[in-house]
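With the working numbering applied, the sequence shown has no gaps in its numbers, which climb one by one up to 291 at the end.
Encoded as structure tokens, the structure appears first; notes follow it.
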Amino acid sequence: MHPTQWRTARRWTGLMGPLLLAATVAGCGSSGDDYVQGWAYWSVVAADFNGDGLVDIAGSYSDGGAPPHPGHVAVFLQDAAAPGRFTPPQLHGVGNDPFALTAGDFNGDGRIDLATDNEILATSGAGIDDVSVLLQSTGAPGTFVSSISCRGIYGSGLPAPVDPSCATLNLPGDFSVNSVRMDLDGDGLVDQAIANPGTINPGCTAFDCFYVDTYVAVILQNPSLPGTPLASTQYLPSDGGFITWVAAADIDGDARPDLVIGQSNGLYVRHQDASHPGHFLDAVLIAR
């Protein structure tokens with residue numbers, strides 16, 4: 004996708020096998036961060052999960068090895084005693100290969116819940132293609148109860164058992180959108196940020212593969228000619244990873260949206276440059 008094209012990015016399910024292989028082969032490098040686990044964050048969301056006025060982050064990832072790959076969601080609450088820092092993650096098991104994560108109040112209790120769209124990544128067809136739902140606990144804000152399975156389908160195409168409570172939930176019908184559409188520079192017009200995972204370099208082997216054309220494209224709308232791009236900036240991945248997902252929220256409380264970026268080698272935040280609206284500073288590692 005060219006960064007100046009105004010369109011919604013589709014989910015890149017067909018690339019997941021090569022992406023997971025490359026993430027496993029490449030490893031995760033070194034970091035001084037507190038949460039070094041070697042996770043490839045396939046998708047991310049940012050919201051105030053516990054109602055303290057600070058934006059928190061959740062990311063989905065899956066185990067390596069032979070498919071299907073057990074999935075997990077890591078929830079990072081922002082530390083109220085040290086805004087801008089995050090507490091060690093809460094880890095929750097979800098279905099295999101959770102490549103799309105979304106947040107919303109699915110049961111109408113006023114609390115933000117999480118859901119992942121899980122896919123079968125196994126040539127044998129083993130596993131279940133389903134939606135995992137993590138409902139927020141009623142008694143402990145910012146924590147989630149064990150996931151339930153909804154919309155389950157076996158690799159054969161036959162329906163799989165789902166939790167009976169799924170029928171009462173208002174779940175999203177489409178997890179496929181991987182782009183941000185919001186006013187990023189404060190001019191009142193809707194801009195766009197798109198995560199482009201790129202492609203493996205041609206002719207590579209398992210020992211020399213790397214990704215090309217992987218970046219987050221930020222496309223600002225032209226206030227003089229609404230509906231057309233004013234500028235497009237590409238933000239490259241940090242530390243040798245490749246881009247998987249992008250979300251936007253005011254992480255640092257300055258009333259400007261920041262970018263939350265999932266990569267093959269970690270979870271990053273790019274804070275908005277206060278002196279250049281709609282432009283973003285160097286990536287800060289949250290966890291990997």
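For glycine and all other residues, C-beta sits at the position ideal for the given N, C-alpha and C.
As the structure is a prediction and not an experimental result, all values here were calculated from the model.
Judged by DSSP secondary structure, R273 falls within the beta strand (DSSP E) whose first and last residues are 269–273. The three-state reading of DSSP puts A196 in strand, counting E and B together.
It is roughly 27 Å from the alpha-carbon of A250 to the alpha-carbon of P70. Pairing W248 with A198 gives a Cβ-Cβ distance under 7 Å.
In this structure S65 is buried. Its beta-carbon is surrounded by 16 or more other beta-carbon atoms within 10 angstroms. One thing to note: H95 has its Cβ within 7 Å of the Cβ of L137.
Burial check for D120: the Cβ neighbour count within 10 Å reaches 16 or more, so the residue is buried.
The closest CA to that of P73, considering only A106, V272, A125, is found on A125.
One thing to note: L192 has its Cβ no nearer than 7 Å to the Cβ of Q237. Counting only the Cα atoms, P101 lies some 19 Å from N173.
When the alpha-carbon of S267 is set against those of A84, D133, D242, T231, the nearest one is in D242. A direct Cα-to-Cα measurement between R184 and I222 gives close to 10 Å. In the structure shown, the three-state DSSP call for C169 is helix. A258 and D51 have their alpha carbons spaced roughly 14 Å apart. A direct Cα-Cα distance of roughly 37 Å separates T146 from F213. Less than 7 Å divides the Cβ of D166 from the Cβ of I151. Here the alpha carbons of T217 and A49 stand approximately 22 Å from one another. Close CB contacts of G54 within its chain, under the 6 Å cut and outside five residues either way in sequence, are with P144 (chain order). Under the three-state reduction of DSSP output, D116 falls in the strand class. Judged by DSSP secondary structure, R154 falls within the beta strand (DSSP E) whose first and last residues are 151–157.
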